[in-house]
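Worksheet: the structure to be examined is printed underneath.
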Amino acid sequence: MPDSKALSRAAFSRDAPTYDQSPRYSSLRAAYPIITEEARRRPFHSVLDIGCGTGGLLGVIHEQRTAAKLFSLDLSEEMIAVTKAKLRDADLRIGDSERLPYEDGAFDLVTCTFSFHHYPNPKGVLAEIQRVLRAGGRLIMADPSIFPPLRQVFNALTRFSKDGGVHYYSMREMADLAKTAGLKPLKWGRLDWHSFLFVAER
Numbered sequence: 007m008p009d010s011k012a013l014s015r016a017a018f019s020r021d022a023p024t025y026d027q028s029p030r031y032s033s034l035r036a037a038y039p040i041i042t043e044e045a046r047r048r049p050f051h052s053v054l055d056i057g058c059g060t061g062g063l064l065g066v067i068h069e070q071r072t073a074a075k076l077f078s079l080d081l082s083e084e085m086i087a088v089t090k091a092k093l094r095d096a097d098l099r100i101g102d103s104e105r106l107p108y109e110d111g112a113f114d115l116v117t118c119t120f121s122f123h124h125y126p127n128p129k130g131v132l133a134e135i136q137r138v139l140r141a142g143g144r145l146i147m148a149d150p151s152i153f154p155p156l157r158q159v160f161n162a163l164t165r166f167s168k169d170g171g172v173h174y175y176s177m178r179e180m181a182d183l184a185k186t187a188g189l190k191p192l193k194w195g196r197l198d199w200h201s202f203l204f205v206a207e208r
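Here my numbering is used: the first residue of the sequence shown is 7, the next is one more, and so on.
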């Protein structure tokens, strides 16, 4: 089996200098205002963005919630380096989403945008998210969504992925994973024809 983490780190490190302008990531950038609007449905004072890329989502959140404390984590040192130039007041760390370097109940909100399908241990990641969320805190996730039977085809081909992709999830799979981690699914909807928005609560 390929080392998906090493492949993901290499792919995103390579893309870091052009990440904010690349057409390849245009749908991700278009999702930031929608995710931010969802976040604003409840008050929050601290937010952690895992798989943060170059910090684009946190930048949009900061524009709307200037008093919120911002935290971000990414596997790629190059991505974090770009983020540092944009978010000088944020707590930025290089790290693994399976071992979040934060205290229990530290955050009101955790976001995860278009990185979950890269995680080889999704149960472990969600367990860590549940741990660092306070009671009543929320997870807002966006990720690719592929209709069956194409989803099954894509998942069969991920073993040959060069960018570290592991698995594309259905609504039922995401709900079941969240429940197993002790999270309560609140919402599932479409961002566009190829991606979903999922919200869960601790």
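Think of the CB as a built atom: it goes at the ideal place given N, C-alpha and C, for glycine as much as any other residue.
Because the structure is a prediction, the values reported are computed rather than measured.
Alpha helix (DSSP H) containing residue i: first to last residue?
i: P128; result: P128 to V138
i: I40; result: S32 to A45
i: D182; result: M177 to T186
i: D21; result: S10 to D21
Which residue from the options puts its Cα closest to that of residue i?
i: A133; options: Q158, C58, T186 and T42; result: T186
i: V138; options: P155, A148 and T117; result: T117
i: F136; options: G57, H124 and E104; result: One point to set straight first is that residue 136 is Gln, not Phe, in the sequence displayed. Answer by Cα proximity: E104.
i: M177; options: A148, R165 and G188; result: A148
i: L197; options: R165, E43 and K92; result: E43
i: Y125; options: R30, L183, D26 and F113; result: L183
i: F113; options: E83, Q70 and I146; result: I146
i: P154; options: P49, H200 and F166; result: H200
i: L4; options: S19, R35, G59 and G111; result: In this structure the chain extends from 7 to 208, so residue 4 is not present and cannot be described.
i: M180; options: D9, D26, F202 and A74; result: F202
i: G195; options: S121, I41, Q70 and G61; result: I41
Leaving out five residues on either side along the sequence, give the residues of the same chain with a beta carbon under 6 Å from the beta carbon of residue i.
i: I152; result: F160 and Y174
i: I86; result: D80, L98 and I100
i: K193; result: V205
i: I56; result: L79, S103 and C118
i: P191; result: A181, A184 and A206
From what residue to what residue does the beta strand (DSSP E) around residue i run?
i: G62; result: Run containing G62: none in the beta strand (DSSP E); it sits in the alpha helix (DSSP H), G62 to Q70.
i: K168; result: Where K168 is concerned, there is no enclosing beta strand (DSSP E), given that its DSSP letter is neither H nor E.
i: L115; result: F113 to T119
i: A96; result: Here A96 belongs to no beta strand (DSSP E), and DSSP marks it neither H nor E.
i: L81; result: Run containing L81: none; DSSP gives neither H nor E here.
Can you have a look at residue i and say buried or exposed, based on whether 16 or more other CB atoms are within 10 angstroms of its CB?
i: P273; result: Because the chain here runs from 7 to 208, residue 273 falls outside it and cannot be looked at.
i: L163; result: exposed
Are the beta-carbon atoms belonging to residue i and residue j less than 9 Å from one another?
i: R140; j: R46; result: no
i: G170; j: L63; result: no
i: A37; j: T89; result: no
i: L54; j: I67; result: no
i: E84; j: P23; result: yes
Between which residues of its own chain and residue i is the CB-CB distance below 8 Å, once the five residues before and five after are set aside?
i: P107; result: L79, R99 and G101
Could you pull out every residue in the same chain whose Cβ sits closer than 7 Å to the Cβ of residue i, ignoring the five residues on either side in sequence?
i: L189; result: L132, Q136, L145, A206, E207 and R208
i: G65; result: K92 and L93
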